[in-house]
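Q:
Numbering (full-length UniProt numbering), first residue to last: 1 to 523.
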């Protein structure tokens, strides 16, 4: 054995022996310390100094005291940071697992992530393992979870705003706006009508009808733009007319719905007509400042900072500060911080390199770590047991029917009126019926404002999940329906050409031009 190894062993032995001697000898000072402390009590009574208790950890000769070790370990688990780390581990594992499972089943991964959050809540985990649920998600830990989830939503909404290409709104503006606004007005009106019938038994105590009605309307009207974009990409529809129109309509829907939501939140928070008008004016002023003042400045910044080398930590910090400042402004106005983050993303420079760099810095962490916390927090608020105990399942199916009828029906009719065939019209309607994450954001805002009760919140969450799950199978059903129909038509034929085959179609056109009745008879 080398000398250095022997020295190392000797050093460890000397350290342990010396430390043990100091600790054992120091224990003899404890009686003297108690006497000294008691002699100081009378003099300290007349001072304003605070006495903080000192926790003593006695050295036990029995190092295998399982009961004591269990208590110490349990105490460590109940520490806020320890519990938060455990929550992060379980939530992230569940989100990844169920997200992958949903992908394997042909569904967007967000479906699995939402489902994971619901399963971790009182609807399943709290039902089958209440002790573990209380240990993992006690009430005092939910505030931290909510703040982190809101931070994740801020970054997510910034990315959504940044990825919203306003140019596509100009290319198909007329059809897209008509389809988009029809897909908002139809379900909004139906949701408002439904609110009239369920307000008395299901609205929270003290909530006025206008606030409840408006939130039921906007809750029915949302389209999940990011989920829809992912579905269109996975289906290979990005460069098709159908995919482009659906994406444009969803983008217009996204902008319009968030503006309506901002107005609804303003009305709910205002408390009076004059304060409501003031909040709306302030909101419009801020949007105008962002559009006319900040957007040109951001375009100039985009010309300077595009490459990864130019995106220094200082520049990155500036963009983060811009996100948080914009979110703070809209929160201070009263229209929610998420709207400010979304608006900050919309006015970002239209430079692909810059946007890709920012998305790379933000999206991975926010989508992987923080956003699953939002799903889990939503799941903790969702209580499907209330539907069974209160006999509310018929009400849920009514909500689901109204939501699908308004969104799918309104979008399909508007698309058909704009000149699309029934296949494309129904496909657009099914795509616009996708709600997903955006719906959950609206519902949580309504819940935080006290406008939505636990029962309504749970039913609307389930409706959002169901309508998003419908999208993939619905598109396949429409494809099957119209493909089957095309096999039964006689409007197709086979052209067999010899020699110069390229002239076959030209000769056929000439023949049909000379004998048009032959073409009609063959058809």
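Ideal Cβ positions, reconstructed from N, Cα and C, are used throughout, including at glycine.
Taking the CB atoms as reference points, tell me whether residue 430 and residue 483 lie closer together than 8 Å.
A: Mapped onto the chain shown, residue 430 falls at position 430. Mapped onto the chain shown, residue 483 falls at position 483. No, the Cβ-Cβ distance between residue 430 and residue 483 is not below 8 Å.
Q: Please specify which runs of the alpha helix (DSSP H), each continuous and at least 4 residues long, are wholly inside the region 311-381, giving them in chain order.
A: Qualifying alpha helix (DSSP H) stretches, in chain order: 313-333, 337-346, 352-365 and 371-381.
Q: Specify the secondary structure class of residue 35 as computed by DSSP and reduced to three states.
A: As a first step, residue 35 is located in the chain shown; it is residue number 35 there, counting from the start. Looking at residue 35 - three-state DSSP - the assignment turns out to be helix.
Q: Can you give the Cα-Cα distance for residue 88 and residue 113, rounded to whole angstroms?
A: Taking the first residue of the chain shown as 1, we reach residue 88 at position 88. Taking the first residue of the chain shown as 1, we reach residue 113 at position 113. Distance between the alpha carbons of residue 88 and residue 113: 14 Å.
Q: Taking 8 Å as the threshold (C-beta atoms), are residue 219 and residue 342 in contact?
A: Against the chain shown, residue 342 aligns to sequence position 342. Against the chain shown, residue 219 aligns to sequence position 219. No; because the gap between Cβ atoms is not below 8 Å, this pair is not in contact.
Q: Within the continuous alpha helix (DSSP H) that includes residue 134, where are the two ends?
A: For this step, residue 134 is matched to residue 134 along the chain shown. From DSSP, the alpha helix (DSSP H) with residue 134 extends over 130-136.
Q: Rounded to a whole number of angstroms, what is the C-alpha to C-alpha distance between residue 267 and residue 148?
A: Your numbering for residue 267 matches position 267 in the chain shown. Your numbering for residue 148 matches position 148 in the chain shown. Going by the C-alpha atoms only, they are around 27 Å apart.
Q: Leaving out five residues on either side along the sequence, give the residues of the same chain with a beta carbon under 6 Å from the beta carbon of residue 195.
A: Residue 195 sits at position 195 when you count from the first residue of the chain shown. Excluding sequence neighbours, residue 195 sits near 212, 213 and 216.
Q: Against chain B, with Cβ distances strictly below 8 Å, would residue 231 count as a contact?
A: Chain labels in this structure do not include chain B; a single protein chain is all it has.
Q: Using the Cα positions of residue 441 and residue 20, report the straight-line distance between them to the nearest angstrom.
A: Here residue 441 refers to the residue found at position 441 when the chain shown is read from its first residue. Here residue 20 refers to the residue found at position 20 when the chain shown is read from its first residue. Answer to the nearest angstrom: the Cα atoms are 58 Å apart.
Q: Beta-carbon separation of residue 120 and residue 379 under 8 Å?
A: Working through the chain shown from its first residue, we reach residue 120 at position 120. Working through the chain shown from its first residue, we reach residue 379 at position 379. Closer than 8 Å, so yes.
Q: Are residue 432 and residue 246 close, meaning C-beta to C-beta below 8 Å?
A: Mapped onto the chain shown, residue 432 falls at position 432. Mapped onto the chain shown, residue 246 falls at position 246. The answer is yes: Cβ separation under 8 Å.
Q: What is the DSSP secondary structure of residue 2, reduced to helix, strand or coil?
A: Along the chain shown, one-based indexing puts residue 2 at 2. DSSP places residue 2 in coil when its eight states are reduced to three.
Q: Run through DSSP, which three-state label would residue 407 get?
A: Here residue 407 refers to the residue found at position 407 when the chain shown is read from its first residue. Here residue 407 sits in helix by DSSP.
Q: If we call anything under 8 Å between Cβ atoms a contact, is residue 407 one with residue 183?
A: For the purposes of this step, residue 407 is taken as the residue at position 407 of the chain shown. For the purposes of this step, residue 183 is taken as the residue at position 183 of the chain shown. The answer is yes: Cβ separation under 8 Å.
Q: How would you call residue 448, buried or exposed, if buried means at least 16 neighbouring beta carbons within 10 angstroms?
A: Numbered from its first residue, the chain shown carries residue 448 at position 448. Counting Cβ neighbours within 10 Å, residue 448 comes out exposed, since fewer than 16 surround it.
Q: How is the alpha helix (DSSP H) around residue 162 delimited, first residue to last?
A: Position 162 of the chain shown holds residue 162. Looking at the DSSP string, the run of the alpha helix (DSSP H) that includes residue 162 is 142-163.
Q: How about residue 323 and residue 344: are their beta carbons less than 8 Å apart?
A: Along the chain shown, read from residue 1 onward, the residue named residue 323 stands at position 323. Along the chain shown, read from residue 1 onward, the residue named residue 344 stands at position 344. Taking 8 Å as the Cβ cut-off, residue 323 and residue 344 qualify as a contacting pair.
Q: Which of the three DSSP states is assigned to residue 383 in this structure?
A: Against the chain shown, residue 383 aligns to sequence position 383. Looking at residue 383 - three-state DSSP - the assignment turns out to be coil, as it is neither helix nor strand.
Q: Residue range of the alpha helix (DSSP H) that residue 540 falls in?
A: Residue 540 is absent from the model: the chain starts at 1 and stops at 523.
Q: For the region 179-266, list the alpha helix (DSSP H) runs that are entirely contained and at least 4 residues long, ordered along the chain.
A: 209-221 and 225-234, all fully within the region 179-266.
Q: Between which two residues does the alpha helix (DSSP H) harbouring residue 422 extend?
A: Walking along the chain shown from the start, residue 422 turns up at place 422. 422-432 is the extent of the alpha helix (DSSP H) around residue 422.
Q: Is it the case that the Cβ atoms of residue 133 and residue 142 are separated by a distance below 8 Å?
A: In the chain shown, the residue the question calls residue 133 occupies position 133. In the chain shown, the residue the question calls residue 142 occupies position 142. No. Outside cutoff.
Q: With distance defined between alpha-carbon atoms, name the residue in 228, 264 and 259 nearest to residue 249.
A: For the purposes of this step, residue 249 is taken as residue 249 along the chain shown, with counting starting at 1. Residue 228 is the option with its Cα nearest to residue 249.
Q: Pick out whichever of 371, 397, 353 and 186 has its Cα sitting closest to the Cα of residue 93.
A: As a working mapping, residue 93 is identified with position 93 in the chain shown. Ranking 371, 397, 353 and 186 by Cα distance to residue 93 puts 371 first.
Q: Once you ignore the five residues that flank residue 254 on each side, which residues in its own chain have a CB closer than 6 Å to its CB?
A: Position 254 of the chain shown holds residue 254. Cβ neighbours of residue 254 beyond the five flanking positions: 225.
Q: Mind the definition here: the region 380-390 touches the region 452-460 only if three or more C-beta pairs lie below 8 Å; say whether that holds.
A: They touch, by the three-pair rule.
Q: Is DSSP giving residue 449 helix, strand or coil here?
A: In the chain shown, residue 449 corresponds to position 449, counting from 1. It is coil, neither helix nor strand.
Q: Assuming residue 401 contacts residue 462 (C-beta within less than 8 Å), just tell me the rounded distance between them.
A: To locate residue 401, count along the chain shown from 1; it is residue 401. To locate residue 462, count along the chain shown from 1; it is residue 462. Actually they are not in contact, since the Cβ atoms of residue 401 and residue 462 sit about 13 Å apart, beyond 8 Å.
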